[in-house]
Structure formats: C-alpha cells, structure tokens
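Take a look at the structure below.
Chains as they are written, first to last, in this note's numbering: chain W, 1 to 159; chain H, 1001 to 1159; chain R, 2001 to 2159.
Have a look at this one:
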C-alpha cells in the first residue's frame, strides 16, 4: 500500500512540474504586454539568459528587465502589442526541462493589427528551491533560417 | 499514511481545478466559431458578465448567447473566422480563480486571412456545484490603451 | 483507505491522459517547422489519417511523413513558417478522445509575416500500448465553409 502511494506521489509530482512550467511560460506574454518588467525577469534564474537571435542577449534579472523597460519594447506597448505564445511541448528530465513552442508578436498600427514577429522558442528550465525557473530562452525569427528551425527540434542536449 | 493520502488528494484537486479552468477557456473559441451560442453561454455563471470594452457588456446566458446569434458575429462566421485564444496564466484562490491571456480573431476576406481583433483577456471564475464557471470575462483591444494592458497584470483584486 | 487510493489513482490517470494528449498536439507544430517528418508521422497510429480538406488525405506513417518532405511543405519552410496550434478542448471517453482547436500557419515573405492558413481542427485519438496516438486529424480552412465550422462543435460521434 505504502509503495502504491509513493508511486502516485511521484506521478503527481511530474504533473505538477509540467503544470508549473506551462504556467510559467503562459505568464510571459501577459507580463510583457502589461510592462511588468520585474515580475517578468523573475521568471528567469538569477543567472538566466534571454537570447533573441540577432537582437539581444540579456543575462540576469536587471538585464532582462531592461529589455521590457527599454525604448523598443515601450514603443511597441505604446502602439499596442500582444506577445502571444503558443502551447509548448515539454520534456522533463529530473530537475531540468526543455519546452519548445512558437511566439507571435502582433503590433497595432494605422491599418490595424499585423504579425510583427513570428519566432521559434526553446526554453531550458531548472528546478530551484523557489520552483522552476528559466535558465535560457532562445528566440529566433522563423524567416527561413536554420537557426530558428533547430530550436524546435526535439532531443537536443540542454544548454 | 492517511495524512499523506489526504495531502495527495488536495494536490490532485488543485491540478484538476487548473485543468478544468484551462479546458473551459480552450472550449470558448471552438464554440464561438461553430456558432454554438447556448453551449458557449453555459460557460458563464447564470449572472456572469462578458464585457468587450467599447463594444458590449452582456450579463446572463440569454444576453451572452445573443452576442453569438447577433448580426456582428454571424457576419464574421459567414466570412470565415477563428477565435484563437492563447494559453492562460491561472491563479486559484480557493473557490475563485483568475486567468489572463490573449485572444486573436482572424477574419477571412478576399485577400485571405487577417488578424481582425487582438485583445487582452482577464477571466474571473468561481467554483459552483456544476464546476468552474466564468463570473466575468473582460476583453479589450491591445491598441495601446492602458485599459487593455492592466487586464494582463497579475495580483489585482478579483471582481 | 485502499478504495480512496484507487479513486485517487483513477483521477490521476485521467489527468495524465489529458496531459499526454495536450503534449502530443503541442509537439505537432514544432516538429512540422523543424521538418522532422518521421517524428511527426509517429504521432499518428500506423493506420492513422491526416486529412486536410481540399488538399490532401494521407493515411499511415509513410504518407504523412511525405507531406512534410513534399515540395509544398519544403517551400513553406524555405520561406519561413510557423505552424501555431492553439490550446485544445479535450474530451476523453475511456481509450478514445477528441480534441478541438485552431491552427494558424504564418508564412514569411518580402513584406514580413502573414497568416497563410487559418483552420479548424478535430483530432480523434486512441490509447494504444505505446500511449495516445492520433487516429484521425481533420483540418479545414475557416473561410466561411460549414465543413470547417462543424469540426469545432462538441458532441459529435468519434470517427
């Protein structure tokens, strides 16, 4: 009996892990569009990296928050924007995880809304004493480049 | 042993709550695009509110169903439309919950598909004898207005 | 006590089923955009069908992989594309399940990104010894046709 309960507890924990990772990633877009720079940066580990290929590589909470407080993002928010992230495919290996999925930034302009950026994302996450955190998010425009496509492929070594 | 099992049951229930809320919101778009007005309205509590800032505020099943059966929505369906809702960030506090996320309405026209509405959404939900129901959904275009951005910020008092 | 634990186990299994189905569908888009034809085809049962109304009906792993390796999809990848699938509403009935949701294909071109296809999807899935697999995915453009809208309605007999 005790063994069965332990097995259930382990299965439950795995679902909780997946739920925590999904919710973390689902909260990125709302925080970005609300301009909540500190809360957004806190999704990352203290030494976490947010890499936007060809645009920025920010490491640490202050640098990541600065992306949200910076001119580019503030101009986007003033125009009107939506950072829509799709569902993610999640692979967990103990205290490490990878999530793959798309992001689309819609921007509002005089002629209405348009997809401004459409990108591939590969998130590497780590379990910490404070729960799951982003170690590395790589984002690259899906403009035909191999660099973006490989972010979406499974079974790559975690960074 | 009994205590451990009770703890597992409580953790399981929290995951079930999150799953129920996620599934409820994921079913909104398919019901809207299929024109299933009654089933869509039944996602709300009897006194629930669907507020589309600057367009409509409907309270109760009959009023919400009327939005789906109304001329605006029927014209959209005749043209071809997709009510795509992104993943939601969910916060549960006992029998109340909040979910934040984006919605995009694509509309078909002579030149193909275009994003017609891109909006912020804040859902307030309540557990009832019939399961989770929407008490209030606020939707506002992400056109640069503060009204839309604040819907996506965390830690606001539930309505 | 034993009965309570069995009840918990059954509830846990249902959540695991929903999680497995959600993750399977969330992995479709990343695999399509990475060009991982074999891994993508393996989401389907051996006799599974991928039906794109008005374009293709592929049955079996080889035929489904051929869609990803074919000229149409390779041209899309060379231009740059994102197969963004929205969250799905899932209904499970024992070893069968149905999932309903949207898909949007963004295509990159000289003037940036545009929504190239916006479609309704109805997935029928079956539990096998190897886990959940797709038996039938129907996809139809939401261009105003009834054929697409009915894919999104609930409570239809599984195929």
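The C-beta atom is built at its ideal place from N, Cα and C for all residues, glycine as well.
Fill in: With 16 other Cβ atoms within 10 Å as the buried cut-off, status of residue 2080 of chain R
buried
Worksheet item: Of all Cβ atoms in chain R, is any one closer than 8 Å to the Cβ of residue 101 of chain W?
Response: yes
Fill in: Beta-carbon contacts of residue 86 of chain W that lie in its chain and below 6 Å, excluding the five residues immediately before and after
101, 102
Worksheet item: Leaving out the 5 sequence neighbours to the left and right, which residues in its chain are closer than 7 Å to residue 144 of chain W when beta-carbon positions are compared?
Response: none
Item to complete: Since I believe residue 1118 of chain H is in contact with residue 1168 of chain H (beta carbons under 8 Å), could you give me their beta-carbon distance rounded to a whole number of angstroms?
Response: One cannot answer for residue 1168 of chain H here, as it falls past the ends of chain H, which runs 1001 to 1159.
Practice prompt. Go to residue 1130 of chain H, then tell me how far its alpha helix (DSSP H) extends in each direction, as first and last residue.
Written response: Segment: none, residue 1130 of chain H is in no alpha helix (DSSP H) and carries neither H nor E.
Worksheet entry | Assigned exposure category for residue 1047 of chain H - 16 Cβ within 10 Å defines buried | exposed
Worksheet entry | Contact list for the region 2127 to 2145 of chain R against chain H, Cβ threshold 9 Å | 2141, 2142, 2143, 2144, 2145
Worksheet item: Are the C-beta of residue 1051 of chain H and some C-beta of chain R separated by less than 8 Å?
Response: no
Discussion item. Residues in the same chain with beta-carbon distance under 8 Å from residue 2148 of chain R, minus the five sequence neighbours each way, listed in chain order, please.
Written reply: 2053, 2119, 2120, 2140, 2141, 2142
Worksheet item: Using a beta-carbon distance below 8 Å, is residue 2162 of chain R in contact with chain W?
Response: Since the displayed chain R opens at 2001 and closes at 2159, residue 2162 of chain R lies outside it and no answer follows.
Discussion item. Looking at chain W, is there any beta carbon in it that lies within less than 8 Å of the beta carbon of residue 2080 of chain R?
Written reply: yes
Item to complete: Give the straight-line distance between the Cα atoms of residue 2028 of chain R and residue 69 of chain W, rounded to the nearest whole angstrom.
Response: 34 Å
Discussion item. Tell me the DSSP secondary structure of residue 1029 of chain H in three-state form.
Written reply: helix
Worksheet item: Whose Cβ in chain A lies nearer than 8 Å to the Cβ of residue 1115 of chain H?
Response: Protein chains in the displayed structure are W, H and R, and chain A is not among them.
Item to complete: Measure from the C-beta of residue 1074 of chain H to each C-beta in chain R and report whether the shortest distance is under 8 Å.
Response: no
Worksheet item: Excluding sequence positions up to five away, which residues of its chain have a Cβ less than 8 Å from the Cβ of residue 1018 of chain H?
Response: 1090, 1092
Worksheet item: Just checking my contact of residue 97 of chain W with residue 125 of chain W at CB under 8 Å: how many whole Å lie between their CB atoms?
Response: 4 Å
Worksheet item: Do you know whose CA, among W:40, W:20, W:136, lies nearest residue 32 of chain W's CA?
Response: W:40
Fill in: Neighbour flag for residue 87 of chain W against chain R, beta carbons, 8 Å
yes
Worksheet item: Taking a cut of 9 Å between CB atoms, which residues from the region 17 to 40 of chain W lie near chain H?
Response: 19, 22, 23, 24, 25, 26, 27, 28, 29, 30, 31, 32, 33, 34, 35, 36, 39
Worksheet item: What are the residues that DSSP puts in a beta bridge with residue 2103 of chain R?
Response: R:2085, R:2119
Worksheet item: Using a beta-carbon distance cut-off of less than 8 Å, what residues from the region 2002 to 2015 of chain R approach chain W?
Response: 2002, 2005, 2008, 2009, 2012, 2015
Worksheet item: Which bits of chain R does residue 1084 of chain H rub up against, with CB to CB less than 7 Å?
Response: 2086, 2102, 2104
Discussion item. Along the chain, where does the beta strand (DSSP E) containing residue 2049 of chain R start, and where does it finish?
Written reply: 2044 to 2052
Worksheet item: For residue 111 of chain W, which of helix, strand or coil comes out of DSSP?
Response: coil
Worksheet item: For residue 90 of chain W, which residues does DSSP report across the bridge?
Response: W:99
Practice prompt. Check whether the Cβ atoms of residue 152 of chain W and residue 2030 of chain R lie closer than 8 Å to each other.
Written response: yes
Worksheet item: So is residue 1013 of chain H buried or exposed if we call it buried at 16+ other beta carbons inside 10 Å?
Response: exposed
Item to complete: Buried or exposed for residue 2043 of chain R, please, with buried defined as at least 16 other CB atoms from any protein chain shown within 10 angstroms of its CB.
Response: buried
Fill in: Proximity winner among H:1022, H:1071, H:1129, relative to residue 1037 of chain H (alpha-carbon distances)
H:1071
Discussion item. Contact criterion: CB-CB distance below 8 Å. Does residue 96 of chain W meet it with respect to chain R?
Written reply: no
Worksheet item: residue 2015 of chain R to residue 1111 of chain H, Cα distance in whole Å?
Response: 42 Å
Worksheet item: What separation, rounded to the nearest whole angstrom, lies between the Cα atoms of residue 159 of chain W and residue 128 of chain W?
Response: Model confidence at residue 159 of chain W stands at a pLDDT of 48, short of 50, so the residue's coordinates are unreliable; what they give is reported in the following sentence. Taking the straight line from one Cα to the other gives about 16 Å.
Practice prompt. Please state if the CB of residue 1150 of chain H and the CB of residue 1088 of chain H are separated by a distance shorter than 8 Å.
Written response: no
Discussion item. Let's test the definition: count the other Cβ atoms within 10 Å of the Cβ of residue 10 of chain W and tell me whether it reaches 16, buried, or not, exposed.
Written reply: exposed
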